[in-house]
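S.K.: What follows is a structure written as structure tokens; I'll ask about it next.
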Amino acid sequence: MMLRPLALTMGDPAGIGPELTVKAWRELKDKETPFFWIGDATLIEKAVPVKRISHPEEALSCFGEAVPVLHAPCAVPVTPGQPDIRNAGATIASIEQAVRSVLAGYASAVVTNPIAKHILAKAGFPHPGHTEFLAALCDVTGKEVMMLACPQLKVVLSSIHMPLRRAIETLSTDRIVEVALLTVHALKRDFGLECPRLAVAGLNPHAGEDGMMGTEEKTIIAPAVEQLRAAGVTVNGPMPPDTMFSAAARPHYDAAICLYHDQGLIPLKTLDMAGGVNVTLGLPIIRTSPDHGTAFDIACSVEQGHADASSLVAALLLAAEMAHQRFGVKT
Ligand SMILES: NC(=O)C1=CN([C@@H]2O[C@H](COP(=O)(O)OP(=O)(O)OC[C@H]3O[C@@H](n4cnc5c(N)ncnc54)[C@H](O)[C@@H]3O)[C@@H](O)[C@H]2O)C=CC1
Ligand SMILES: NCC(=O)COP(=O)(O)O
Numbered sequence: 599m600m601l602r603p604l605a606l607t608m609g610d611p612a613g614i615g616p617e618l619t620v621k622a623w624r625e626l627k628d629k630e631t632p633f634f635w636i637g638d639a640t641l642i643e644k645a646v647p648v649k650r651i652s653h654p655e656e657a658l659s660c661f662g663e664a665v666p667v668l669h670a671p672c673a674v675p676v677t678p679g680q681p682d683i684r685n686a687g688a689t690i691a692s693i694e695q696a697v698r699s700v701l702a703g704y705a706s707a708v709v710t711n712p713i714a715k716h717i718l719a720k721a722g723f724p725h726p727g728h729t730e731f732l733a734a735l736c737d738v739t740g741k742e743v744m745m746l747a748c749p750q751l752k753v754v755l756s757s758i759h760m761p762l763r764r765a766i767e768t769l770s771t772d773r774i775v776e777v778a779l780l781t782v783h784a785l786k787r788d789f790g791l792e793c794p795r796l797a798v799a800g801l802n803p804h805a806g807e808d809g810m811m812g813t814e815e816k817t818i819i820a821p822a823v824e825q826l827r828a829a830g831v832t833v834n835g836p837m838p839p840d841t842m843f844s845a846a847a848r849p850h851y852d853a854a855i856c857l858y859h860d861q862g863l864i865p866l867k868t869l870d871m872a873g874g875v876n877v878t879l880g881l882p883i884i885r886t887s888p889d890h891g892t893a894f895d896i897a898c899s900v901e902q903g904h905a906d907a908s909s910l911v912a913a914l915l916l917a918a919e920m921a922h923q924r925f926g927v928k929t
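Here it is as structure tokens:
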């Protein structure tokens, strides 16, 4: 298998994505994690050497000297911190191009810079986020699962971008089992764990307190845990959600299956917002991203910005490591 670069998307051009890209390149340019950026070269070329390329393969030879860019121009000038729906087309096209590059075998993984979901929605984009869009581009809609990972914790969500009320209404034994089995598969294939251990969260206070404070643990979650055990999975649950993320509890499992978005993301981002990485499971391709958003409140010119690029760097390194695990080569 040939060495292949990572495909990094532009994200919302008015967010911190351009600044993070420059900082990530500076940090990684002397390491074996080449990437190319699919974005508007004019946003970064005053701050950093840029090599406009016409094919991903060109990224490998120039990455040490310049940011390789597949130039994808914005429709209107970009003002940092002020997103403009007229640039939504360029943001979306960048994601599509990244997926095409990986599916065609020219890049090893997609790494995305943050998008603003409400801005894309106003421009008519029908997907709630990258995760669902990537599943549609890969023709696996409904199979997508969100994992967030940092060195101390991995959380995997049984529902993603939906109102909390709907996440609870649609909770099912089948979905928990499906997400847990996918997690076991990913932990073995892409994270190198031989025998992954899972913890399934409860939904209610004290995991229902034997039915006193809610019945979903007995009717939905415990049956899922039983099915998983019958399938040979090492799993505990339903675990009381308020204690399962403690320092004492975390060493007993490799991933926590969480039942709604914030149940997993609050502990993870509280533990390590700078080092957290968002990973999409259930796709035929590898995709990671920083765990944070567009940070419009601090976005400014690439030269003057003070955004922390640690999460993007962690996302690039994790994508490279996952590709190494899956394909046996460094990116
Ligand atoms: N993967 C993605 O594309 C994601 C996109 N978003 C989008 O981002 C937009 C803004 O969301 P928010 O809830 O405000 O979250 P956010 O993560 O953009 O910002 C929350 C706070 O953290 C700060 N922050 C975030 N990243 C930072 C960094 N790298 N360095 C320094 N400070 C940083 C921001 O300045 C802000 O004060 C939303 O439209 C949301 O949809 C949010 C999460 C992930
Ligand atoms: N909170 C995580 C998040 O919103 C990331 O969404 P996506 O754009 O990666 O689907």
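Under our numbering, the first residue of the sequence shown is numbered 599, with each subsequent residue one higher. The beta-carbon is built from N, C-alpha and C at its ideal position, and this holds for glycine as well. Source: prediction; values computed, not measured.
In terms of DSSP beta bridges, what is V708 paired with?
M.R.: Mapped onto the sequence shown, residue 708 falls at position 110. Its beta-bridge partners are A605 and R885.
S.K.: Would a C-beta distance cut-off of 9 angstroms place N685 and A612 closer than the cut-off?
M.R.: Residue mapping note: residue 685 aligns to position 87 of the sequence shown, counting from 1. Residue mapping note: residue 612 aligns to position 14 of the sequence shown, counting from 1. Yes, these two residues count as a Cβ contact at 9 angstroms.
S.K.: What residues does ligand 1 have around it, judged by CB closer than 5 angstroms to any heavy atom, in chain order?
M.R.: Look at which beta carbons fall closer than 5 angstroms to any heavy atom of ligand 1; those residues are P712, I713, A714, K715, S887, H890, G891, T892, A893, D895, I896, A905 and D906.
S.K.: To the nearest angstrom, report how far apart I614 and A797 are at their CA atoms.
M.R.: As a first step, residue 614 is located in the sequence shown; it is residue number 16 there, counting from the start. As a first step, residue 797 is located in the sequence shown; it is residue number 199 there, counting from the start. If you take the alpha carbons of I614 and A797, they lie about 35 angstroms apart.
S.K.: Which whole runs of the beta strand (DSSP E) in the region 656-720 are 3 residues long or more, in chain order?
M.R.: Qualifying beta strand (DSSP E) stretches, in chain order: 665-669.
S.K.: Please look up how many angstroms separate the CB atoms of A853 and T781, rounded, as I've assumed it's under 8 angstroms.
M.R.: Along the sequence shown, one-based indexing puts residue 853 at 255. Along the sequence shown, one-based indexing puts residue 781 at 183. Going by Cβ atoms, the distance from A853 to T781 rounds to 5 angstroms, so yes, they are a contact pair.
S.K.: Rounding to the nearest angstrom, what Cα-Cα distance links V738 and Q750 in this structure?
M.R.: Along the sequence shown, one-based indexing puts residue 738 at 140. Along the sequence shown, one-based indexing puts residue 750 at 152. Those two C-alpha atoms are separated by around 30 angstroms.
S.K.: How would you label S659, buried or exposed, when you count the other beta carbons within 10 angstroms and need 16 or more for buried?
M.R.: Taking the first residue of the sequence shown as position 1, residue 659 is located at position 61. With fewer than 16 Cβ atoms within 10 Å of its Cβ, S659 is classed as exposed.
S.K.: Rounded to whole angstroms, what is the Cα-Cα separation between V667 and P616?
M.R.: As a first step, residue 667 must be located in the sequence shown, where it is residue number 69. As a first step, residue 616 must be located in the sequence shown, where it is residue number 18. About 12 angstroms.
S.K.: Quick check: the Cα distance between L779 and L826, rounded to an integer number of angstroms?
M.R.: Stepping through the sequence shown from its first residue, residue 779 is reached at position 181. Stepping through the sequence shown from its first residue, residue 826 is reached at position 228. If you take the alpha carbons of L779 and L826, they lie about 8 angstroms apart.
S.K.: Ligand 2 and M744: does the residue's C-beta get closer than 8 angstroms to at least one heavy atom of that ligand?
M.R.: For the purposes of this step, residue 744 is taken as the residue at position 146 of the sequence shown. Yes, Cβ of M744 sits closer than 8 angstroms to a heavy atom of ligand 2.
S.K.: Tell me the rounded alpha-carbon separation between G800 and P838.
M.R.: Start at 1 with the first residue of the sequence shown, and residue 800 comes out as number 202. Start at 1 with the first residue of the sequence shown, and residue 838 comes out as number 240. If I take the Cα positions, the gap works out to 6 angstroms.
S.K.: What does a CB cutoff of less than 6 angstroms around Q680 pick up in its chain, not counting 5 residues either side in sequence?
M.R.: Locating residue 680 in the sequence shown gives position 82, where the first residue counts as 1. For Q680, where only same-chain residues beyond five positions count, the Cβ hits under 6 angstroms are A612.
S.K.: Does the distance between the C-beta of I884 and the nearest non-hydrogen atom of ligand 2 fall short of 8 angstroms?
M.R.: Mapped onto the sequence shown, residue 884 falls at position 286. I884 Cβ: outside cutoff for every heavy atom of ligand 2.
S.K.: When you compare only the Cα positions, how much space is there between A691 and H904?
M.R.: Taking the sequence shown and counting its residues from 1, one reaches residue 691 at position 93. Taking the sequence shown and counting its residues from 1, one reaches residue 904 at position 306. Near 27 angstroms, if we compare the C-alpha coordinates of H904 and A691.
S.K.: Hey, L626 and L914: beta-carbon distance below 9 angstroms or not?
M.R.: Indexing the sequence shown from 1 puts residue 626 at position 28. Indexing the sequence shown from 1 puts residue 914 at position 316. Yes. Within cutoff.
S.K.: Between G727 and ligand 2, is there a pair consisting of the residue's CB and a ligand heavy atom that are separated by less than 8 angstroms?
M.R.: Translated into positions along the sequence shown, residue 727 becomes position 129. True, at least one ligand heavy atom lies under 8 angstroms from that Cβ.
S.K.: Would you call V697 buried or exposed, if buried means 16 or more other Cβ atoms sit within 10 Å of its Cβ?
M.R.: On the sequence shown, residue 697 is found 99 positions in, with the first residue counted as 1. Buried.
S.K.: Helix, strand or coil for I636? Go by DSSP, reduced to three states.
M.R.: The residue given as residue 636 occupies position 38 in the sequence shown. Strand at I636.
S.K.: Comparing C-alpha positions only, which one of I717, Q923, V900 and A918 sits nearest to P647?
M.R.: The residue given as residue 647 occupies position 49 in the sequence shown. For P647, the nearest C-alpha among the options comes from V900.
S.K.: Using 8 angstroms as the cut-off, classify the Cβ of V758 as near or not near the heavy atoms of ligand 2, replying yes or no.
M.R.: Counting from 1 along the sequence shown, the entry for residue 758 is found at position 160. A small correction: the amino acid at residue 758 is Ile; Val does not occupy that position in the sequence shown. The answer is yes for I758.
S.K.: If you follow the beta strand (DSSP E) that P836 is in, where does it begin and where does it stop?
M.R.: One-based indexing of the sequence shown puts residue 836 at position 238. Here the beta strand (DSSP E) through P836 covers T832 to M837.
S.K.: Can you list, in chain order, the residues of its chain with a C-beta nearer than 6 angstroms to that of V911? Leave out the 5 residues immediately preceding and following it.
M.R.: Locating residue 911 in the sequence shown gives position 313, where the first residue counts as 1. The answer, listed in chain order, is A622 and E625.
S.K.: To test your reading of the DSSP string, which unbroken beta strand (DSSP E) runs of 3 or more residues are found completely within the region 764-835?
M.R.: 795-799
S.K.: Tell me whether L606, by its Cβ, gets closer than 8 angstroms to a heavy atom of ligand 2.
M.R.: Counting from one through the sequence shown, the residue named residue 606 turns up at place 8. No - ligand 2 has no heavy atom lying nearer than 8 angstroms to the Cβ of L606.
S.K.: Determine the extent of the alpha helix (DSSP H) in which T631 is found, giving its start and end residues.
M.R.: The residue you call residue 631 lines up with position 33 of the sequence shown. T631 -> no alpha helix (DSSP H), and no H or E assigned at all.
S.K.: In chain order, what residues of the same chain have a beta carbon less than 8 angstroms from the beta carbon of A707, not counting five sequence neighbours either side?
M.R.: By 1-based counting over the sequence shown, the position of residue 707 is 109. Contacts found: L604, A605, V700, I883, I884, R885, T886, A917, A918, M920, A921 and T929.
S.K.: If we ignore side chains and look at the alpha-carbon of each, how far apart do K629 and S908 end up?
M.R.: Here the question's residue 629 lines up with position 31 in the sequence shown. Here the question's residue 908 lines up with position 310 in the sequence shown. Straight-line Cα distance between these residues: approximately 15 angstroms.
S.K.: Nearest to G862 by alpha carbon, out of G662, A872, P849 and N876?
M.R.: Locating residue 862 in the sequence shown gives position 264, where the first residue counts as 1. Closest option to G862, Cα to Cα, is N876.
S.K.: Buried or exposed, going by whether 16 or more other CB atoms sit within 10 Å of the CB of S757?
M.R.: For this step, residue 757 is matched to residue 159 along the sequence shown. Under this definition S757 is a buried residue.
S.K.: Residues in its own chain within less than 6 angstroms of V620 by CB, not counting five upstream and five downstream?
M.R.: In the sequence shown, residue 620 corresponds to position 22, counting from 1. Around V620: I642, A645, V646 and V900.
S.K.: Give me the Cα-Cα distance between E767 and E814, rounded to the nearest whole angstrom.
M.R.: For this step, residue 767 is matched to residue 169 along the sequence shown. For this step, residue 814 is matched to residue 216 along the sequence shown. Going by the C-alpha atoms only, they are around 10 angstroms apart.
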